[in-house]
Every structure is written in C-alpha cells, then in structure tokens.
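Residue numbers (the numbering used here), protein chains in the order written: chain A, 59 to 372; chain B, 124 to 378.
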C-alpha cells in the first residue's frame, strides 16, 4: 500500500456532533494530480483541513484514516504534525493575502518560514526557483512586500515558498479562484510544470471544472459531504454518470456560447447525515427508492465510480 | 432636447485620474461607448484595468476628470448620484454587504422604493413580483441577508435594483463570488428578464466565456482603455488585438 502518496480511507469528519463529510475514500499516487470539485459547502475544504489536521478549525475525524506515504497521520500529536507540515505536505490557500504579513519583505518571511521548519534559507536557491517558474523581475522579488504585489503575484510567491520547503504532496484549496483568467492560467501552468519536474502529487480543490480539466489526472465530484463520482478525468468529463456531475457541467459557459443551465436550490446542510441519496430534492431523475437506498460508491466502469447512474444516456 | 433617436447612454471621451500633479495616475483614458435601449454590453478586463471605475463614473458615484456623459441625449455630467439612481441601479459583487444586515430584505427593498419612487401603494406586490421573477420564493424576502445563500442574496440584490424600474442595470462582477451553478441561475433569470422587459445592462466581468453567452456586444479593456469592441462572434472568433487573443487564450474551457 505504500505506493500511494496519500490515501484517504472511509473518512468521516464532524464539526462538533455535526457530520460534514461521510465515507470519503480515494488515493493520490506519486506524481498525480487529483481534483476535487463541488459547490460551496460540499465539504471540499474540510477535506483539506482534515489532511492538514488543524484542530483549531474545529474538524474532528471520527472515522476512517488518512495515510501519508504508508504512515497513518489521522491522529498525530501537535509536535509530530508540525514536522510533516510544510516539508512533507505543502499548502496553498485560496487567499494568500492572509498568509503573509503585508508589511514585511518576502525575504524576511521566507527566512522565518524556512527556519521554523529547520531549514536554511538560501537567496540564490529562491531566485533559481523564481526563474524556473518564469516570475518577472526575479532578482528583486524578495525585497518586495506583499502589499506591493497583485493578488496573482502574491499567490505565486506562496507557491514558490511551498516549493522551497520541498514537500512531496501539495494541497491547493481554490488556489486560483480569486485570480483573474490570465494569472489563473499562469498558476495552473506553473503547478503542472512543478508536478512534472519535481514529481509532486497535488490535491487540488476547485469549483471550476474548466480549471480541473486542464490540470487533473483524476477528478472527484463532491456533493453535500459525499463523493458522488470519482474517476479518471477524461472518463468523468466525457461520460459523466451522476446526475449532479452532469448538472455541474451544464452550468459552465462553454465554447458553443449557449446560455449555461443552472441548478435551482442549494445542497442540504445536513446532507452528510441522510440515509438515502442527498441529491434527491434537486434531482430530476430521482425515484422513490432513491430516498431510502443507502449511499454507496459503485464502480460503474473500470476506474470510474459513481453513487448513482439514473438518467444516464449511453 | 432629447430625441428618440439618441442612444440610451452615451459616454464621450471620459477620463479619470486619481491624485494631483506629478503623482497623478490616470486610470481611465479616453473611453467612449454608446448603448442602445435593450442592449447588453459586456466589459471585460483584468483586475485593475479600470472597469469598476467606469461603472462608478457612469452612475455618478465618482466625479469625472474630463469627458461627457449623456442619458437619452441629455448631458448629466457632474450630477449627484441620487439624481441618476432612478436611471441606473448598480449591483455589486458582494451583495450581502450592500444590504443592511439589521433589516429584512423586504424592508431594504421598500426603502429603495420609497427613496426612488415615493410612497407606492402596491410596494409589497411589486417586491414579490420581482422576487418571483428572479426565481425565488417571495417568502424569502422576509429573511435577513445573512440567512440567504450567496446566490440568493445576489438575486435579491438584482430584484431590489429592478423593483424601482430603472432604465439600466449596471452589474459589477455580480457572479464572480458565486459557484458555477448559482452563476448559471443568475444568468438564466437575467436572460428571461431581458426577453420580457427588454432590460438594458452593462455587465462587467473578467470571464470572457461567460460574457460571450449572453451579451450583445463585448468591450475589452486594458490599462484604462477600451481596446476592442464588437459582437461576441467578432471578439471570440476574429479578435483583432493581441491582448484580446491573450485573454481568449487564457479562458479555460472544460476539455
């Protein structure tokens, strides 16, 4: 089993007594990019918090396990956790404005971050990485302070810092969602490049299937705390099985310039606690049995899992 | 005098700079555009290109540095925002912040009506009609803004804008903070409103793919100038400017 970078088995996460994620399982192989897509509130960020294990954020893992390179990290203590964060698991949040101090130079903050992980900061090494990622003005970047930078550039500085710490697994939580299209594309290209050159594994959370289709090898679709479809990106996008995946795809403005089709309502907040399918209230194909049939991710085709295949046109 | 032939909105060579003397920074340079009744214009550009400033200038929220603004042929440059908000209603990206958190959505809408149209006898009926037109249950209007989802608040905000029957809706990145399914819902309802009421709109966004689905014309902005202006077909299939091509290239369609 050690050939998986990250393995999530049957994970159930709660905030207090309230279930946020139930029975989520998947694996990230070395050098693989796995995207998790879904609406706001479906539990995709909670998934990342569970892997990072930041208890202060209120996530508690009640069932299942998270395995990093064969080592169970589900319930690590604070000190052990600190040793793997950054150097083994890198993290790029949605808004990196909050991760840097706005009025101190990047150099100082880079130094601090490296020191706290027991590494030595080397200017030339940092500049080498900037060059490799095609950052403009790479010689002077370290002297700047975050407030002088655009959102896109700040995001890229956070990625560069993550590279310096040398993790093997990167967690990106909507890392491109606040950026405009041009910087979004740059960041996506940089991440793909890093994956190729450094053999990174990336767990990439996004609500934008367009972004996912350009970067991912595997795609998981989450809905109200459950994984409803999972598989190779081409299989999921070319032949979406779950009604929700199809709705999600229809909502994206496409090349044909047709008006996208939306999805009325919102996911149930307690969706993870339901016995039957939790997409029933918004589903046009649902039958009486959907309300009671317990949730289960079935392998519909090879390497392509879905919890429902109602209304699928083959 | 206003003539029937005059376009609904005409923006003539407007410019805007912040700061004075040597430190002055010009954020809008010589922007001109016209908009006819019933037309939807998309304005596309990266962050910081001046697209939001342009909307602020059109709705008189900020004074111009130079240029002229005409509404149905009538010059309204330099007027107070209160005197033009009967014509234009602006919808912002973060609508929850645009609602008073201490009163219900319905009360916010009533206030808007009272300020703009005086005491209207059938205010509640008009509010409910507008809310249902945006595809929401009128009962939701009795909730507080924080009790609604992001997509619902945004649709309420559009309903609030339309309840006073403005001539034009100015939308500033109204779907950027929403996820795709909520975004698609908003577009659908706006599209229906267009068909039913011939709504005129300026739709500011950074998403070219989105604008191409429902705008009549698209203007591309870069560094304070409109560099290209045309139908979605012209912009998407036959872009003339390098920058437009760059933007088109960066659109990530689902493959």
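In this text, a Cβ means the ideal position worked out from N, Cα and C, and glycines have one as well. Since we're looking at a predicted model, the values are computed, not measured.
Under three-state DSSP, which class holds residue i?
{"i": "residue 306 of chain B", "result": "helix"}
{"i": "residue 94 of chain A", "result": "strand"}
{"i": "residue 82 of chain A", "result": "strand"}
{"i": "residue 240 of chain A", "result": "helix"}
{"i": "residue 319 of chain A", "result": "coil"}
{"i": "residue 135 of chain A", "result": "coil"}
{"i": "residue 222 of chain B", "result": "coil"}
{"i": "residue 356 of chain A", "result": "strand"}
{"i": "residue 149 of chain A", "result": "strand"}
{"i": "residue 211 of chain A", "result": "helix"}
{"i": "residue 343 of chain A", "result": "coil"}
{"i": "residue 188 of chain A", "result": "helix"}
{"i": "residue 290 of chain A", "result": "strand"}
{"i": "residue 359 of chain B", "result": "helix"}
{"i": "residue 254 of chain B", "result": "helix"}
{"i": "residue 212 of chain B", "result": "strand"}
{"i": "residue 234 of chain A", "result": "coil"}
{"i": "residue 77 of chain A", "result": "strand"}
{"i": "residue 366 of chain B", "result": "helix"}
{"i": "residue 251 of chain A", "result": "helix"}
{"i": "residue 352 of chain B", "result": "strand"}
{"i": "residue 370 of chain A", "result": "coil"}
{"i": "residue 294 of chain B", "result": "strand"}
{"i": "residue 175 of chain A", "result": "coil"}
{"i": "residue 199 of chain B", "result": "coil"}
{"i": "residue 299 of chain B", "result": "coil"}
{"i": "residue 202 of chain A", "result": "coil"}
At the level of alpha carbons, what is the spacing between residue i and residue j?
{"i": "residue 174 of chain A", "j": "residue 256 of chain A", "result": "23 angstroms"}
{"i": "residue 188 of chain A", "j": "residue 270 of chain A", "result": "24 angstroms"}
{"i": "residue 302 of chain B", "j": "residue 340 of chain A", "result": "16 angstroms"}
{"i": "residue 190 of chain A", "j": "residue 276 of chain B", "result": "43 angstroms"}
{"i": "residue 312 of chain A", "j": "residue 333 of chain B", "result": "8 angstroms"}
{"i": "residue 329 of chain A", "j": "residue 336 of chain A", "result": "5 angstroms"}
{"i": "residue 250 of chain A", "j": "residue 230 of chain A", "result": "13 angstroms"}
{"i": "residue 152 of chain A", "j": "residue 106 of chain A", "result": "12 angstroms"}
{"i": "residue 366 of chain B", "j": "residue 348 of chain B", "result": "12 angstroms"}
{"i": "residue 205 of chain B", "j": "residue 184 of chain B", "result": "9 angstroms"}
{"i": "residue 220 of chain A", "j": "residue 191 of chain B", "result": "50 angstroms"}
{"i": "residue 218 of chain A", "j": "residue 252 of chain A", "result": "10 angstroms"}
{"i": "residue 155 of chain B", "j": "residue 240 of chain B", "result": "31 angstroms"}
{"i": "residue 125 of chain B", "j": "residue 356 of chain B", "result": "Only weak support exists for where residue 125 of chain B lies, its pLDDT of 47 falling under 50; the value from the coordinates is given anyway. The straight-line gap from Cα to Cα measures roughly 33 angstroms."}
{"i": "residue 258 of chain A", "j": "residue 87 of chain A", "result": "10 angstroms"}
{"i": "residue 199 of chain A", "j": "residue 172 of chain A", "result": "17 angstroms"}
{"i": "residue 139 of chain B", "j": "residue 293 of chain B", "result": "19 angstroms"}
{"i": "residue 369 of chain A", "j": "residue 83 of chain A", "result": "25 angstroms"}
{"i": "residue 186 of chain A", "j": "residue 196 of chain A", "result": "9 angstroms"}
With a threshold of 16 other CB atoms inside 10 Å of the CB of residue i, please say whether the residue is buried or exposed.
{"i": "residue 143 of chain B", "result": "exposed"}
{"i": "residue 248 of chain B", "result": "exposed"}
{"i": "residue 270 of chain B", "result": "exposed"}
{"i": "residue 44 of chain A", "result": "With chain A represented from 59 up to 372, any question about residue 44 of chain A goes unanswered, as that position is not in the structure."}
{"i": "residue 137 of chain B", "result": "buried"}
{"i": "residue 264 of chain B", "result": "buried"}
{"i": "residue 345 of chain A", "result": "exposed"}
{"i": "residue 327 of chain A", "result": "exposed"}
{"i": "residue 63 of chain A", "result": "buried"}
{"i": "residue 330 of chain B", "result": "buried"}
{"i": "residue 76 of chain A", "result": "exposed"}
{"i": "residue 68 of chain A", "result": "exposed"}
{"i": "residue 356 of chain A", "result": "exposed"}
{"i": "residue 319 of chain B", "result": "exposed"}
{"i": "residue 265 of chain A", "result": "buried"}
{"i": "residue 141 of chain A", "result": "exposed"}
{"i": "residue 289 of chain A", "result": "buried"}
{"i": "residue 372 of chain B", "result": "exposed"}
{"i": "residue 145 of chain B", "result": "exposed"}
{"i": "residue 274 of chain B", "result": "buried"}
Is the CB of residue i under 7 angstroms away from at least one CB in chain E?
{"i": "residue 70 of chain A", "result": "Here chain E cannot be found, since the structure's protein chains are A and B."}
Tell me whether residue i counts as near the ligand COA, meaning its Cβ is closer than 6 angstroms to at least one heavy atom of that ligand.
{"i": "residue 331 of chain A", "result": "As far as ligands go, the structure on display features none, and thus does not contain the ligand COA."}
(request) Kindly confirm or deny that the segment 264-282 of chain A and the segment 291-306 of chain A touch, where touching means at least three C-beta pairs closer than 8 angstroms. (result) Output reads yes: the segment 291-306 of chain A touches the segment 264-282 of chain A.
(request) Write down every uninterrupted run of the alpha helix (DSSP H) in the segment 309-342 of chain B whose length is 4 residues or greater and which is fully enclosed by it, in chain order. (result) Complete alpha helix (DSSP H) runs here, min 4: 331-337.
(request) Check whether the segment 209-221 of chain B touches the segment 277-291 of chain B, taking contact to mean three or more Cβ pairs, one atom from each stretch, closer than 8 angstroms. (result) Touching, yes.
(message) Under 8 angstroms, with one C-beta from each stretch per pair, do the segment 309-324 of chain A and the segment 360-373 of chain B reach the 3-pair mark?
(response) No, the segment 309-324 of chain A does not touch the segment 360-373 of chain B.
(message) For a minimum of 3 consecutive residues, which ranges assigned as the beta strand (DSSP E) are wholly contained in the segment 132-166 of chain B?
(response) Whole beta strand (DSSP E) segments, 3+ residues: 132-141 and 148-158.
(message) Is it the case that the segment 115-132 of chain A contacts the segment 154-169 of chain A, given that we only count it when at least three CB pairs across the two stretches are under 8 angstroms?
(response) Counting C-beta pairs closer than 8 angstroms gives fewer than three between the segment 154-169 of chain A and the segment 115-132 of chain A, which falls short of the contact rule.
(request) Evaluate the contact criterion for the segment 288-297 of chain B versus the segment 319-327 of chain B: three or more CB pairs, one atom per stretch, below 8 angstroms. (result) Taking a cut-off of 8 angstroms for Cβ pairs, the segment 288-297 of chain B and the segment 319-327 of chain B touch, as three or more such pairs fall below it.
(request) Evaluate contact between the segment 169-188 of chain B and the segment 359-369 of chain A, counting only Cβ atoms and requiring at least three cross-stretch pairs below 8 angstroms. (result) The segment 169-188 of chain B vs the segment 359-369 of chain A: no contact.
(message) Does the contact criterion of 3 or more C-beta pairs under 8 angstroms hold for the segment 275-282 of chain A versus the segment 85-101 of chain A?
(response) Yes: at least three Cβ pairs fall under 8 angstroms.
(request) Report the residue ranges of all alpha helix (DSSP H) runs contained in full by the segment 229-278 of chain B; include only those spanning at least 4 residues, in chain order. (result) DSSP runs (the alpha helix (DSSP H)) wholly in the segment 229-278 of chain B: 246-256.
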